[in-house]
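I have placed the structure first, in the form of structure tokens, so that the comments after it can refer back to it.
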Amino acid sequence: MRAKDLSYSVVIGLLAGLGFLILIGPVVIVLLTSFTQGRSIRFPPSGLSLQWYQLLFDSVRSSQIHRAALNSLEVAVVAMVGATVLATLASVALARRSGTWVRALDTFFMSPLILPMLAFGLAALMYFTFMGFRPSLALIAIGHVVVVAPLALRTTSASMSQLDPALLESSASLGASWLYTFRRVTLPVIAPGIAAGAFLAFVGSLDNVPISLFLAGPRSDMLPIRMWGMMESTLDVRVAAVSGVLIATVLVLMLVMERVVGLTRRLRD
Amino acid sequence: MTHARFTRRQFLAAAAATAGALAIGRPARAKGSVTAAMYPGTWEEAFRAHVVPALKSAHDVDLEMTPLFAVDQIAKAQAARGAPPFDAFVLDPGPRVTGIDRGLFEKFEARRLKNVGRLPAGMVDDWGVTVAAQVVGIGYNPKKLPRPKSWTDLLKDPWVSRLGMTGFQTTYGTVSIIEIAKQFGGSETNVEPFFVEIKKVLSKVAAIGAPASMPALFQQGQCDITYTNTQTVATLRGRDVDIEFVKPESGAVAFFTTMHVAKGSREGENAYKYFDTVISAPVQSALMQPPNNFIPVNRDVKLAAALPMASLDEMAKFVRHDWSKINPLRAAWIERFNKEVAK
Amino acid sequence: MTVRVRPAEWQLALPLALAYAAFFLVPLLLLIGVSAFDDEKITTLGFAQWRRFLADPFTWKVIVDTVKLGGLTVAATALVGYPVALVYLGAGPRWQRVILFVVILPLLTSVVVRTFAWIVILGREGVINQALLWLGLAPAPLRLLQTEHGLVMALTQIEMPLLLLPLLSVMSRMDPSLRDASAALGASKWRTLVRVTLPLSLPGLVAGCMLVFASSTTAFISQFVIGGNRLVYLPLLIWQQSLVVYNWPLASVAALTLLVSVGLGVTAIAAVGRRSRAYAV
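Protein chains in written order, with our numbering: chain A, 1 to 269; chain B, 1001 to 1343; chain C, 2001 to 2281.
Set out below in structure tokens:
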């Protein structure tokens, strides 16, 4: 039996190791590349320097990138909030129900994920133009909500299925209002799912090329599209540096959050 | 607990305030302005550096650019029929013919351009004005391969096993394949010989990639020879990539990049001012300098030594193609290419 | 009592349903409408594009390849992703946060630069080939870039967060005492995995697999830039038809075909999930 446990540790350990390698390897390459001394994106980098980060933060020479980054962030925040709220409500509605219409509705909610975004972007542009709207940030945000909501719905629904219905019923039978039950019973259970979904929705929007391509106007320049042009025509190293900045930002945010969460926990005790 | 909730509420308020500030803090639109579709990357950077200030000082018109590749411009204009999302197109010959075909342009009035007399003959017609030339040939890595001489060398050893190919999606890819086909007896409307020849060496070809990935594939040594244009080669050389341009024996291919007024545009007047600025000698001259590396079309510009010709008239000797004949065949070629190269 | 709670709950699906009706269903109907035209200029009604597309054996090969790509990616992602989740489950809170950060790393590198990283890894002079040559495991560089293997490997990285985020959020709410009990009763680690952990985490795994399947089959940029033109999948056809030759009826036909075939795949994953959950209980 112990030999079996050893085989478990070896097999799972090796596969997980491979998993971590696949997750980390490409990111390490991007980061190393971003510190190059050379004039174009190339691996291995020729010498190490921070020059491309300096250029990226230069408010004059990288002003277009900054504008695009602000647009993209704004849209991503709106898309994340919209998609997360709508998807959480829907997942509460659909949870623990079966029947044809529930399954049909669930499939319908998932369908933006399987409709190629290129086709959706084109169709959405035709539709919005027909309605008399001009391409703008608002339209991009609406388009993004539609395509990232399924990500939030799926992760939230998965957490929802862990919720013990007996808990809800006992809460209701004790006279708790629906909202109170939702806040005190449902939400704590599904919070990790909502958080995961919100994050997926945020980055799904931040990195979206096809929808933005069609719904962007002259003053709604988006970061991934700008980066696409920089990569294709000039192998600009700032493209890699943008990823470096994003990774550092998330790392810092996570550290801060850990501090804050730790702090509030201590305050509470 | 109350502490935690209080901070959370504060955080939400701060987030909402930030979002609001971002939405409001937009610059107001200037009086005279024109919105132009622009190729992302080199073109957009060059236009921002040279055309935007020139247009502002000469005509007090603000240039807004919306980064779009030629194919995306046609798709966007067509989807938004009658309400164009931009006033001016910049297009390669293939999409240009589609634009004419689908009625996406206003009729062009050459007399509204002051600089029109400085362009060589045939650079302006009923649909638009030429703003730059592109010369297509072979780009190779001189450190890894001997210098190729002709299009057919691409399909021979040692070059073929280092060849990076793209299909008919791009203008430069299409004209290059046509030229290869011609060497084997094909023509502008018959690329069959290309398919016959490529089939023989297909397993050796190093990469058949997306156009967008070619610079990176070349840079990383996945392929060391490809068909490309002089502007790309000059730009990559400026970024320390080992690449050199070769004019094939049968002649390099030239095609023109044109600008057009979008049908239904309300800024037609400013669009002409924009075109006039783009083709003016000082702007053309600035666009020719590195890192922009455009091939100018204005006769008053003294050509840089690095260009593949000594004068604009020499361009008449370059190979030209009739895109009104190529365009109707392209869909079938693309389909054929998919089937031939898919394993 | 339940009657009092439930009607309110179902109405919560309405906002999303209405938003989708307004901003997704109508564009989708537009696509269906466009697909019912014979000519590129969208003037003559007819099903010529459908007939032509579906009568071509190449189309069917592309459909099969696309679904196969999704299947392989799901299998590869689950094979290395689930063990990562198990490591997460066994780790302390501090390490769990580190693992979570590693899991979301691929999402923080833009698709534009991620594809470059894979060219570096899979290329002829790339990281893997240099390692193989150095170790003496291969006599000459292997062709990895622009092959199905290479593409699946790259997609595994890109899609792993989509598998792991739902999976980890489910696993983090699992009752650890169940696993401890299983171990205390003398069950081997394998048995605990199959009988306790896997069934309990199934909702997360199924959700993740659905996301991975849908995302990998429609990931046009990764497919085209890493896979190259030798590998033809439905999104490439949609791109060519809509943006290179502007045959929108045919592009719509290809898009709807992708919608249906990927939809069937996702439904199949959901059905497998339901069935195995029924067995597990």
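Don't be surprised by glycine CBs; every beta carbon is placed ideally from N, CA and C.
What three-state label does DSSP hand C/I2269 in the structure shown?
Indexing the third sequence from 1 puts residue 2269 of chain C at position 269. Three-state DSSP puts C/I2269 in a helix.
According to DSSP, is B/D1092 helix, strand or coil?
For the purposes of this step, residue 1092 of chain B is identified with residue 92 of the second sequence, where counting begins at 1. Residue state, collapsed to three classes: coil.
Residue range of the unbroken beta strand (DSSP E) whose run includes B/G1164
Here residue 1164 of chain B is taken as the residue at index 164 of the second sequence, counted from 1. Start and end: L1163 to M1165.
Return no unless some Cβ of chain C is closer than 7 angstroms to the Cβ of A/Y53.
Counting from 1 along the first sequence, the entry for residue 53 of chain A is found at position 53. Using beta-carbon distances, A/Y53 does not count as an interface residue toward chain C, since no partner is under 7 angstroms.
Helix, strand or coil for B/D1276, going by three-state DSSP, please let me know.
For the purposes of this step, residue 1276 of chain B is identified with residue 276 of the second sequence, where counting begins at 1. Three-state DSSP puts B/D1276 in a helix.
Report yes if the CB atom of A/A79 is closer than 7 angstroms to the CB atom of A/V145, and no otherwise.
Indexing the first sequence from 1 puts residue 79 of chain A at position 79. Indexing the first sequence from 1 puts residue 145 of chain A at position 145. Cβ distance < 7 angstroms, so A/A79 and A/V145 count as in contact.
For the structure I just gave you, are there three or more beta carbon pairs, one from the region 2221-2235 of chain C and one from the region 2031-2041 of chain C, closer than 8 angstroms?
Note that the region 2221-2235 of chain C does not touch the region 2031-2041 of chain C; fewer than 3 beta-carbon pairs, one per stretch, sit closer than 8 angstroms.
Evaluate B/V1124 with the Cβ neighbour count: other Cβ atoms within 10 Å of its Cβ, from every protein chain shown; 16 or more gives buried, anything less gives exposed.
Start at 1 with the first residue of the second sequence, and residue 1124 of chain B comes out as number 124. Around the beta carbon of B/V1124, 16 or more other beta carbons sit within 10 angstroms, so the residue counts as buried.
Could you pull out every unbroken alpha helix (DSSP H) segment of at least 4 residues lying fully inside the region 2009-2087 of chain C, listed in chain order?
The qualifying runs are 2014-2020, 2026-2035 and 2048-2055.
Sub-7 angstroms separation of B/A1058 and B/T1277 beta-carbons
Position 58 of the second sequence, counted from the start, is the residue given in the question as residue 1058 of chain B. Position 277 of the second sequence, counted from the start, is the residue given in the question as residue 1277 of chain B. Going by C-beta atoms, B/A1058 is nearer than 7 angstroms to B/T1277.
How would you list, in chain order, the residues of chain C whose beta-carbon sits under 7 angstroms from the beta-carbon of A/R154?
Residue numbering aside, residue 154 of chain A sits at position 154 when the first sequence is read from its first letter. What A/R154 touches in chain C, judged by beta-carbon distance under 7 angstroms, is P2166, A2207, M2210 and L2211, going in chain order.
So which of B/P1193, B/V1160, B/G1238 and B/A1054 has the shortest CA-CA distance to B/K1416?
It is not possible to answer for residue 1416 of chain B, since the shown part of chain B is limited to 1001 through 1343.
Under the three-state reduction of DSSP, which class applies to B/V1135: helix, strand or coil?
Within the second sequence, residue 1135 of chain B is the residue found at index 135, counting from 1. Note: B/V1135 maps to strand in three-state DSSP.
For A/S173, is the classification buried or exposed, using 16 other Cβ atoms within 10 angstroms of its Cβ as the cut-off for buried?
The residue given as residue 173 of chain A occupies position 173 in the first sequence. The residue is exposed, with fewer than 16 neighbouring Cβ atoms inside 10 Å.
Distance check for A/M257 and B/T1007, CA to CA, integer angstroms please.
Reading the second sequence from its first residue, position 7 is the one you call residue 1007 of chain B. Reading the first sequence from its first residue, position 257 is the one you call residue 257 of chain A. For B/T1007, the predicted structure reports a pLDDT of 49, less than 50, and the residue's modelled location is therefore unreliable. The matter cannot be settled from this model.
Mind pulling the chain B residues with CB within less than 8 angstroms of C/I2119?
Taking the first residue of the third sequence as position 1, residue 2119 of chain C is located at position 119. For a Cβ distance threshold of 8 angstroms, residue set S1213, A1216, L1217, Q1220 and Q1222 of chain B lies close to C/I2119, ordered along the chain.
Sorted by chain position, which residues of the same chain lie with C-beta nearer than 6 angstroms to B/L1022's C-beta, five sequence neighbours on each side aside?
In the second sequence, counting from the first residue as 1, residue 1022 of chain B sits at position 22. For B/L1022, the pLDDT reaches just 44, beneath the cut-off of 50, and the residue's location in the model is therefore unreliable, although a value from the coordinates is still provided. If you ignore the 5 residues before and after B/L1022, its C-beta comes within less than 6 angstroms of no other C-beta in its own chain.
Smallest Cα separation from B/L1217: which of B/V1196, B/T1166, B/L1154 and B/F1089?
Numbered from 1 along the second sequence, position 217 holds the residue referred to as residue 1217 of chain B. If we check each option's Cα against that of B/L1217, B/T1166 comes out closest.
With 7 angstroms as the C-beta to C-beta threshold (strictly closer), list the residues of the region 1047-1075 of chain B near chain C in chain order.
Within the region 1047-1075 of chain B, the qualifying residues are V1071, D1072, I1074 and A1075.
C-alpha gap between B/R1048 and A/L14, whole angstroms
Here residue 1048 of chain B refers to the residue found at position 48 when the second sequence is read from its first residue. Here residue 14 of chain A refers to the residue found at position 14 when the first sequence is read from its first residue. When the Cα atoms are used, B/R1048 and A/L14 turn out to be separated by approximately 52 angstroms.
According to DSSP, is B/I1225 part of a helix, a strand, or is it coil?
In the second sequence, counting from the first residue as 1, residue 1225 of chain B sits at position 225. In the structure shown, B/I1225 adopts extended strand secondary structure according to DSSP, grouped into three states.
Comparing the C-beta of C/R2124 with each C-beta of chain B, is any distance below 7 angstroms?
Translated into the one-based positions of the third sequence, residue 2124 of chain C becomes position 124. Taking Cβ atoms only, chain B reaches closer than 7 angstroms to C/R2124, which makes this a yes.
Quick check: what's the CA-CA separation for C/F2047 versus C/F2023?
Within the third sequence, numbered from 1, the residue matching residue 2047 of chain C stands at position 47. Within the third sequence, numbered from 1, the residue matching residue 2023 of chain C stands at position 23. Their Cα atoms are separated by approximately 26 angstroms.
For the region 1144-1189 of chain B, list the beta strand (DSSP E) runs that are entirely contained and at least 3 residues long, ordered along the chain.
Runs of the beta strand (DSSP E) inside the region 1144-1189 of chain B: 1163-1165.
Alpha carbon to alpha carbon, how far is C/R2114 from A/V27? Give it in angstroms, no decimals.
Working through the first sequence from its first residue, we reach residue 27 of chain A at position 27. Working through the third sequence from its first residue, we reach residue 2114 of chain C at position 114. Taking the straight line from one Cα to the other gives about 8 angstroms.
Among A/Y180, A/T181, A/P192 and A/S243, which has the Cα closest to the Cα of A/V203?
By 1-based counting over the first sequence, the position of residue 203 of chain A is 203. The option with the nearest alpha carbon to A/V203 is A/S243.
Inspect the beta-carbon positions of B/D1092 and B/T1171 and report whether they are closer than 7 angstroms.
For the purposes of this step, residue 1092 of chain B is taken as residue 92 along the second sequence, with counting starting at 1. For the purposes of this step, residue 1171 of chain B is taken as residue 171 along the second sequence, with counting starting at 1. Yes, they are a contact pair.
Apart from the five residues just before and just after C/L2151, which ones in its own chain have a Cβ nearer than 8 angstroms to its Cβ?
Translated into the one-based positions of the third sequence, residue 2151 of chain C becomes position 151. Closer than 8 angstroms at the Cβ level, and outside the excluded window around C/L2151, lie L2069, S2222, Q2223, I2226, G2227 and L2231.
Check whether the region 1065-1080 of chain B and the region 120-128 of chain A touch, using three or more Cβ-Cβ pairs below 8 angstroms as the test.
Contact between the region 1065-1080 of chain B and the region 120-128 of chain A is present: three or more C-beta pairs spanning the two stretches fall below 8 angstroms.
For C/L2014, tell me which candidate among A/T88, A/R259 and A/I225 has the shortest Cα-Cα distance.
Translated into positions along the third sequence, residue 2014 of chain C becomes position 14. Shortest Cα-Cα distance from C/L2014 to any of A/T88, A/R259 and A/I225 involves A/T88.
What is the residue span of the beta strand (DSSP E) that B/L1063 lies within?
Here residue 1063 of chain B refers to the residue found at position 63 of the second sequence. D1062 to P1067 is the extent of the beta strand (DSSP E) around B/L1063.
Where C/K2189 falls, given that 16 or more other Cβ within 10 Å makes a residue buried
Position 189 of the third sequence holds residue 2189 of chain C. It is buried - the Cβ of C/K2189 has at least 16 other Cβ atoms within 10 Å.
Quick one: what's B/F1359 bridged to in DSSP?
Given a span of 1001 to 1343 for chain B in the structure shown, any question on residue 1359 of chain B remains unanswerable.
Report the three-state DSSP secondary structure of A/I24 (helix, strand or coil).
Position 24 of the first sequence, counted from the start, is the residue given in the question as residue 24 of chain A. Correct three-state label for A/I24: helix.
Contacts around A/M231, its chain only, beta-carbon distance under 6 angstroms, and the 5 residues preceding and following it disregarded
Counting from one through the first sequence, the residue named residue 231 of chain A turns up at place 231. Correct list, in chain order: V239.
Tell me whether A/D5 sits in a helix, a strand or coil according to DSSP, three-state version.
Numbered from its first residue, the first sequence carries residue 5 of chain A at position 5. A/D5 falls in the helix class under three-state DSSP.
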